[in-house]
């Protein structure tokens, strides 16, 4: 059976093999753990023959919107007792108590709630907040991902942690299958040069990581794939030199700031000349939850449309 324990973590992605001797039988237990670079109280799942944990998790605090979506996907959304701003999917998530946002958590409220599990993304949480959470000695489960395939792993980990092992496994299989289908359909097509405008002022794009993988899997070439920073700030001159054939602009919660750049001033850019400047729903693409494959499908369709237009010119 699986257990939940607390241990201090000092390294990224460690795999521990623990051998227990029970009378004359030696059982090999694989520790599937969620880790962080700093010393952090993290739940470990002690896995015996892939059997689900019998540790009861009745209350969960989810400190990121995508964590909420992952929890609902495996059927434990009703156990979420608090979350953060912008956790608005599915619809019933809007009724969950709010205790903070991306750079602030009401630690006193969190301590009073005393959840069985806190689910969050270490990557999207500031170090001071991580330190504060660590000081509360609450069990933490990290939902950060570095590549799209990791999302399926998180569904399985959350399923195991909450006693919904089989559901998590099944949802992960569906996610992997959908991802595989999209890759097989689009990734080998003739590449299209894409500028991904995360934010207009300062002009910000994406370099490596899972978002770059998504573009590549859609048969796109991210024109800033080799940037030094994960989300580099770039100049219009740098965009002009790279001559993108498609400009993608995610928009968030009705925010109109993405329209602050008048791209028509740069008609020499193929994407501008051919009217290939497209808005996409940021929540679908940027939340690393189960819906990201829907966002990816939309991105792939837009890349494909730009490809077909280029072939017709």
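In full-length UniProt numbering, the protein residues as written are 1 to 313.
We put the CB at the ideal spot given by N, CA and C, even for glycine.
Relative to the Cα of residue 86, the nearest Cα in the group 283, 308, 290, 289 belongs to 283. Sequence-distant partners of residue 159 (beyond 5 residues in either direction) whose C-beta falls short of 7 Å from its own C-beta, in its chain, are 74, 165, 167, 168, 169.
Going by DSSP, residue 222 is part of the beta strand (DSSP E) stretching over 220 to 222. Secondary structure at residue 198: coil, using DSSP grouped into helix, strand and coil. For residue 294, the closest alpha carbon among the candidates 280, 307, 126, 304 is that of 280. In terms of Cβ geometry, residue 116 and residue 78 do not form a close pair [threshold 8 Å].
Distance from the CA of residue 288 to the CA of residue 145, rounded to the nearest whole angstrom, comes to 7 Å. According to the DSSP assignment, residue 251 belongs to the beta strand (DSSP E) that extends over 246 to 251. Residue 68 sits buried, since 16 or more C-beta atoms from the chains shown fall within 10 Å of its C-beta. Just so you know, the alpha carbons of residue 191 and residue 179 end up roughly 19 Å apart. For residue 251, the closest alpha carbon among the candidates 212, 223, 153, 199 is that of 199. It is roughly 17 Å from the alpha-carbon of residue 96 to the alpha-carbon of residue 111.
Only residues of its own chain outside the window of five on either side were considered, and among them 62, 68, 96 have a CB closer than 6 Å to the CB of residue 83, listed in chain order. Here residue 135 is exposed. Its C-beta has fewer than 16 other C-beta atoms within 10 Å. Distance between residue 249 and residue 56, taken at the CA atoms: about 43 Å. Shortest Cα-Cα distance from residue 106 to any of 236, 132, 149, 162 involves 132.
Beta bridge pairing from DSSP links residue 142 with 120.
Under the DSSP assignment, residue 294 falls in the alpha helix (DSSP H) whose first and last residues are 292 to 312. For residue 143 against residue 64, the beta-carbon gap comes to about 7 Å, under 8 Å, which counts as contact. Judged by their CB atoms, residue 229 and residue 276 are not nearer to each other than the 8 Å cut-off.
Residue environment: residue 217 is assigned as buried (16 or more neighbouring CB atoms within 10 Å of its CB, all protein chains considered). If you compare the alpha carbons of 224, 233, 125 with that of residue 100, the shortest gap goes to 125.
Take the alpha-carbon of residue 262 and the one of residue 291: they are about 31 Å apart. When beta bridges are read from the DSSP output, residue 209 appears opposite no residue.
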